[in-house]
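Structure record follows, encoded as structure tokens.
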Amino acid sequence: MTFESLGLNPALAHACAQAGFTTPSPIQVAAIPPLLRGQDVLGLAPTGSGKTAAFVLPLLQRLLAGHPGGFRRVRVLVLAPTRELAAQVGDVFLRLAPSSDRPLKVAVLYGGVSINPQMLRLRGGADIVVATPGRLLDLLDRNAVRLDAVQSLVLDEADRLLDLGFAAERERVLLALPTRRQNLLFSATFPPEVQALADELLHEAVRVEAESQLE
Ligand code: ADP
Ligand code: MG
Numbered sequence: 001m002t003f004e005s006l007g008l009n010p011a012l013a014h015a016c017a018q019a020g021f022t023t024p025s026p027i028q029v030a031a032i033p034p035l036l037r038g039q040d041v042l043g044l045a046p047t048g049s050g051k052t053a054a055f056v057l058p059l060l061q062r063l064l065a066g067h068p069g070g071f072r073r074v075r076v077l078v079l080a081p082t083r084e085l086a087a088q089v090g091d092v093f094l095r096l097a098p099s100s101d102r103p104l105k106v107a108v109l110y111g112g113v114s115i116n117p118q119m120l121r122l123r124g125g126a127d128i129v130v131a132t133p134g135r136l137l138d139l140l141d142r143n144a145v146r147l148d149a150v151q152s153l154v155l156d157e158a159d160r161l162l163d164l165g166f167a168a169e170r171e172r173v174l175l176a177l178p179t180r181r182q183n184l185l186f187s188a189t190f191p192p193e194v195q196a197l198a199d200e201l202l203h204e205a206v207r208v209e210a211e212s213q214l215e
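Each residue of the sequence shown is one higher than the last, beginning at 1 in UniProt numbering.
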């Protein structure tokens with residue numbers, strides 16, 4: 001199994017090789033094709049199984065295929081439970097993005113640090129936002145970020161997002177998004193609360209599961 005055989009273009013396959021990924025992990029094998037087709041996906045796999053690249057790679061491919069000129073608008077929004085996880089996901093986008101004459105811009109937004117540099121950063125435009133929900137809501141309240149061009153929404157580590165109170169924040173974030181969009185939910189565990197969130201958010205989703213971790 002290779003990254004290219006999953007439908008990824010040679011530039012992304014090359015970026016995987018550069019990152020030291022020789023073969024796709026089971027969750028990547030299962031999730032990448034439906035994600036590339038634009039379908040909603042529920043991805044369930046244990047911690048350490050490579051869920052981040054499972055959504056980052058196909059989302060990069062779709063972003064690079066569709067890239068509009070003019071001012072950058074946020075087309076991918078990833079919500080992550082903590083500052084550390086948001087920073088990690090942002091790093092994976094940057095690490096796997098093929099070099100191009102119009103590099104994609106990633107804004108990573110989390111609380112516990114001053115909001116002003118984040119507002120300034122957003123003013124320059126971003127293609128991808130990776131955020132913790134609380135800080136994202138603060139920035140929305142200040143009209144510092146627009147999400148009306150988002151094509152794909154990812155809830156990463158959804159079980160932990162819910163532990164941290166995402167149920168209360170969900171509605172306000174969703175209201176800022178277009179109703180027509182791709183929805184992706186990734187989680188290490190699948191308790192009833194995550195199931196309920198998936199039922200609410202996903203439409204005709206492909207459910208993919210992988211038991212095994214990376215070798
Ligand atoms: P999860 O979100 O499922 O807990 P991560 O996406 O954080 O897992 O990935 C765990 C580790 O595996 C990371 O260090 C990542 O770089 C590495 N990894 C991801 N995909 C591959 C792959 N196909 N081959 C080798 N290592 C990989
Ligand atoms: Mg993860």
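Cβ atoms here follow ideal geometry from the backbone N, Cα and C, with glycine treated the same way.
Residues bridged to residue i by DSSP?
| i | result |
| --- | --- |
| VAL150 | Answer is none; VAL150 lacks a bridge partner. |
| ARG207 | LEU42 |
| ILE128 | VAL76 and VAL106 |
| SER187 | LEU44 |
| LEU137 | In the DSSP output, where bridge partners are listed per residue, LEU137 has none listed. |
| GLN18 | GLN18 pairs with nothing; no bridge assigned. |
| LEU202 | The partner list for LEU202 (beta bridge, DSSP) is empty, contrary to what the question assumes. |
| LEU155 | LEU79 and LEU185 |
Tell me whether residue i counts as near ligand 1, meaning its Cβ is closer than 7 angstroms to at least one heavy atom of that ligand.
| i | result |
| --- | --- |
| PHE55 | no |
| SER212 | no |
| PHE21 | yes |
| GLY50 | yes |
| PRO26 | no |
| ALA87 | no |
| THR47 | yes |
How many angstroms separate the CA atom of residue i from the CA atom of residue j?
| i | j | result |
| --- | --- | --- |
| ASP156 | ASN143 | 24 angstroms |
| LYS105 | ARG73 | 10 angstroms |
| MET119 | LEU137 | 13 angstroms |
| GLY90 | THR82 | 12 angstroms |
| ALA188 | ALA19 | 23 angstroms |
| LEU164 | PHE190 | 16 angstroms |
| VAL179 | ALA107 | Looking at the sequence provided, one finds Thr at residue 179 rather than Val. For THR179 and ALA107, the distance between alpha carbons rounds to 22 angstroms. |
| ASP101 | VAL145 | 25 angstroms |
| ARG121 | ASP127 | 12 angstroms |
| PHE71 | GLY124 | 9 angstroms |
| GLU169 | SER49 | 28 angstroms |
| ILE32 | LEU6 | 7 angstroms |
| ALA45 | ALA15 | 23 angstroms |
| PRO103 | GLN61 | 13 angstroms |
| SER114 | GLY134 | 13 angstroms |
| GLU200 | VAL129 | 22 angstroms |
| LEU202 | ARG172 | 17 angstroms |
| ALA198 | GLN39 | 14 angstroms |
| ALA80 | THR52 | 11 angstroms |
Find out if the Cβ-Cβ distance for the pair residue i, residue j is shorter than 8 angstroms.
| i | j | result |
| --- | --- | --- |
| LEU184 | VAL154 | yes |
| THR132 | ALA86 | yes |
| ALA158 | PRO98 | no |
| GLY43 | VAL208 | yes |
| LEU36 | PRO58 | yes |
| ALA54 | GLN28 | yes |
| VAL194 | LEU174 | no |
| residue 217 | VAL41 | Any property of residue 217 remains undetermined from this structure, which presents the chain solely from 1 to 215. |
| GLN182 | SER152 | yes |
| LEU140 | ALA167 | no |
| LEU63 | VAL76 | yes |
| ALA210 | PRO26 | yes |
| ALA17 | GLU4 | no |
Sorry if obvious, but does the Cβ on residue i come closer than 7 angstroms to a heavy atom of ligand 2?
| i | result |
| --- | --- |
| GLU193 | no |
| ASP156 | yes |
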